[in-house]
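The sequence shown maps to residues 6 to 188 in our numbering. Glycine is no exception: its CB is placed at the ideal position from the N, C-alpha and C atoms.
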Amino acid sequence: MRIISGKYAKRNLYTLKSQKTRPTSDKVKESLFNALGQFFSGGNVLDLYGGSGALGIEAVSRGCHQAVIVDINYQAVEIIRKNVALTKEPDRFSIYKMPSNVALNKLAGDGQKFDLVFLDPPYAKQHIVSDMKKMLKLALLSQDAIVVAETNDETELGQVEGFKLMQEKHLGKTIVRFYRKEN
Numbered sequence: 006m007r008i009i010s011g012k013y014a015k016r017n018l019y020t021l022k023s024q025k026t027r028p029t030s031d032k033v034k035e036s037l038f039n040a041l042g043q044f045f046s047g048g049n050v051l052d053l054y055g056g057s058g059a060l061g062i063e064a065v066s067r068g069c070h071q072a073v074i075v076d077i078n079y080q081a082v083e084i085i086r087k088n089v090a091l092t093k094e095p096d097r098f099s100i101y102k103m104p105s106n107v108a109l110n111k112l113a114g115d116g117q118k119f120d121l122v123f124l125d126p127p128y129a130k131q132h133i134v135s136d137m138k139k140m141l142k143l144a145l146l147s148q149d150a151i152v153v154a155e156t157n158d159e160t161e162l163g164q165v166e167g168f169k170l171m172q173e174k175h176l177g178k179t180i181v182r183f184y185r186k187e188n
């Protein structure tokens, strides 16, 4: 796995060898970022189920100012730290080892706001919908925030209250859904 584009392009990333994590393939990641727009002009990104941290790092590589990457797994957090070190800009990243719901409460308490959020939990549907609702309730999303939810092809999500489903991409056994916060 590697960073595809931007200032960290072509850097190979470490991945976790585990049954519980499934890194986003380069093909899916490239398609996802093509749909979002190649590059960003600032903004903050949240990768709530970080795994290797690849999505948050890719977003900063393409122009986001800051990334918060969260994972509950100790080994995953160690991999994320190693990958962030490869950027040589560790101050652009905050890494938290904690459950997603605890992280959302902490980030809200810190007054954080996010323009882009990646949700790719191991147990997809239940967490994605509850995380999206909690982010709205805690006012963690900027006005035009985009939430990207990645699931397997067997997970039905559809509309989530407070969000507009903008696009759904089927990429092999993976579905990537793009939601925009409704104002």
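Can you find the residues in the same chain that come closer than 8 Å, C-beta to C-beta, to residue i, ignoring five residues on each side of it along the sequence?
i	result
residue 144	113 and 118
residue 134	162 and 165
residue 24	Interpretation of residue 24 is limited by its pLDDT of 49, a score under 50 that renders its predicted location unreliable; the figure taken from the coordinates is listed afterwards. For residue 24, where only same-chain residues beyond five positions count, there are no Cβ hits under 8 Å.
residue 111	101 and 103
residue 21	28, 56, 57, 78, 80, 81 and 84
residue 138	165, 166 and 167
residue 105	53, 54, 75, 77, 126, 132 and 136
Excluding five sequence neighbours on each side, which residues of the same chain lie with their C-beta closer than 6 Å to the C-beta of residue i?
i	result
residue 14	8
residue 179	33
residue 95	89
residue 141	167
residue 123	52, 60 and 153
residue 66	8, 11, 12 and 13
residue 98	72 and 89
residue 45	67, 68 and 69
Just grab the DSSP bridge partners of residue i for me.
i	result
residue 17	7
residue 174	181
residue 148	DSSP output for residue 148 lists no bridge partner at all.
residue 121	50 and 151
residue 156	180
residue 169	185
residue 102	76
Our contact map puts residue i next to residue j with C-beta atoms below 8 Å; I'd like the distance itself, whole angstroms only.
i	j	result
residue 107	residue 100	14 Å between Cβ atoms; not a contact.
residue 254	residue 37	Not covered by the structure: residue 254. The range shown for the chain is 6 to 188.
residue 120	residue 50	7 Å
residue 11	residue 47	In fact, because the Cβ distance is near 13 Å, the residues do not count as touching under 8 Å.
residue 93	residue 19	About 15 Å; that fails the 8 Å criterion.
residue 174	residue 40	6 Å
Provide the residue span of the beta strand (DSSP E) that contains residue i, from first to last.
i	result
residue 162	Taken as a continuous stretch (DSSP letters only), residue 162 belongs to no beta strand (DSSP E), as it is neither H nor E.
residue 49	49-52
Could you spell out where the alpha helix (DSSP H) holding residue i opens and where it closes?
i	result
residue 111	105-114
residue 66	59-66
By Cβ distance, which residues of its chain are closer than 7 Å to residue i, with the 5 residues on each side in sequence left out?
i	result
residue 169	184, 185 and 187
Is it true that the segment 48-55 meets the segment 71-91, where meeting means three or more beta-carbon pairs spaced less than 8 Å apart? yes
Within the chosen definition, does the segment 61-79 reach the segment 175-185 through at least 3 CB pairs nearer than 8 Å? no
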